[in-house]
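Taking the working numbering as reference, the numbering of the sequence shown is continuous, increasing by one, and the terminal residue is 709.
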Amino acid sequence: MNRTIFSVGLAGLLGAGAAMAQTPPRRPHHAPMVMARRAAGHFSIRGHLYPPELVMRNQQAIGLTEEQKEAIRGAIRDAERRFLDLKWSVQDASETLRGIVDQDRVEEREALEQLEAVLKAEHEIKRTQFQLMIRIKNLLDPEQQRMLDELRGPGAEAPEAPEPSSEF
Numbered sequence: 542m543n544r545t546i547f548s549v550g551l552a553g554l555l556g557a558g559a560a561m562a563q564t565p566p567r568r569p570h571h572a573p574m575v576m577a578r579r580a581a582g583h584f585s586i587r588g589h590l591y592p593p594e595l596v597m598r599n600q601q602a603i604g605l606t607e608e609q610k611e612a613i614r615g616a617i618r619d620a621e622r623r624f625l626d627l628k629w630s631v632q633d634a635s636e637t638l639r640g641i642v643d644q645d646r647v648e649e650r651e652a653l654e655q656l657e658a659v660l661k662a663e664h665e666i667k668r669t670q671f672q673l674m675i676r677i678k679n680l681l682d683p684e685q686q687r688m689l690d691e692l693r694g695p696g697a698e699a700p701e702a703p704e705p706s707s708e709f
């Protein structure tokens, strides 16, 4: 029972997610975290950046040039290569952590060090996604950005990051 509670708690802790790219809506259990951040007055930057899917879906509507399309495709290719490596790192670190906490007695220092490895890899995924959206925004002119803002809808933000694929 304690192992189940610990695993559920650890999975919730690691639910910080990986991506700021467009994904299905977050699960309801994340609503308290989102509401707490908003209540604390955190400024959301997601509404000021453009996920690759939004730009690709509206490339004709915003008048992307061939040069912009090629530059965006290149940025996406670079990010996807990095995502693949990072996903492997998260899975490897998660498996190791799972093995540590699966013992009858958990070595706390070892578990916390391994947790740091998992969180570091997940942090790098978020950083890479953020970097990709910055690069995309910098390739768009102000009019294209305005058009994407309108196409996204009033007050809309880029969706929350998805759950990391690691499970314990």
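Even glycine gets a Cβ: it sits at the ideal position worked out from N, Cα and C.
Exposure of residue i, with buried meaning 16 or more beta-carbon neighbours within 10 Å
i, result
"Leu653", "exposed"
"Gln601", "exposed"
From the options, residue whose alpha carbon lies closest to that of residue i
i, options, result
"Glu611", "Thr669, Val596 and Arg668", "Val596"
"Val631", "Lys661, Arg668 and Val642", "Lys661"
"Asp682", "Gly588, Phe671, Ser635 and Leu605", "Leu605"
"Arg618", "Gly588, Asn599, Ile603 and Thr669", "Thr669"
Between the CA atoms of residue j and residue i - distance to the nearest angstrom
i, j, result
"Gln685", "Ile586", "18 angstroms"
"Glu649", "His664", "22 angstroms"
"Gln609", "Asp645", "56 angstroms"
"Glu621", "Leu627", "10 angstroms"
Sequence-distant residues of the same chain with beta carbon closer than 8 angstroms to residue i, five excluded per side
i, result
"Glu691", "none"
"Leu710", "No answer is possible for residue 710: it lies beyond the span of the chain, which begins at 542 and ends at 709."
Own chain partners of residue i with C-beta closer than 7 angstroms, once the 5 adjacent residues on each side are dropped
i, result
"Ile677", "Tyr591, Pro593, Val596, Ile613 and Ala616"
"Ala634", "Gln655, Ala658, Val659 and Ala662"
Cβ distance (whole Å) where residue i is taken to contact residue j below 8 angstroms
i, j, result
"Ile666", "Phe624", "7 angstroms"
"Glu651", "Ile641", "6 angstroms"
Near the ligand MG: residue i beta-carbon under 7 angstroms from a heavy atom
i, result
"Leu681", "Among the components of this structure there are no ligands whatsoever, and the ligand MG is therefore not found."
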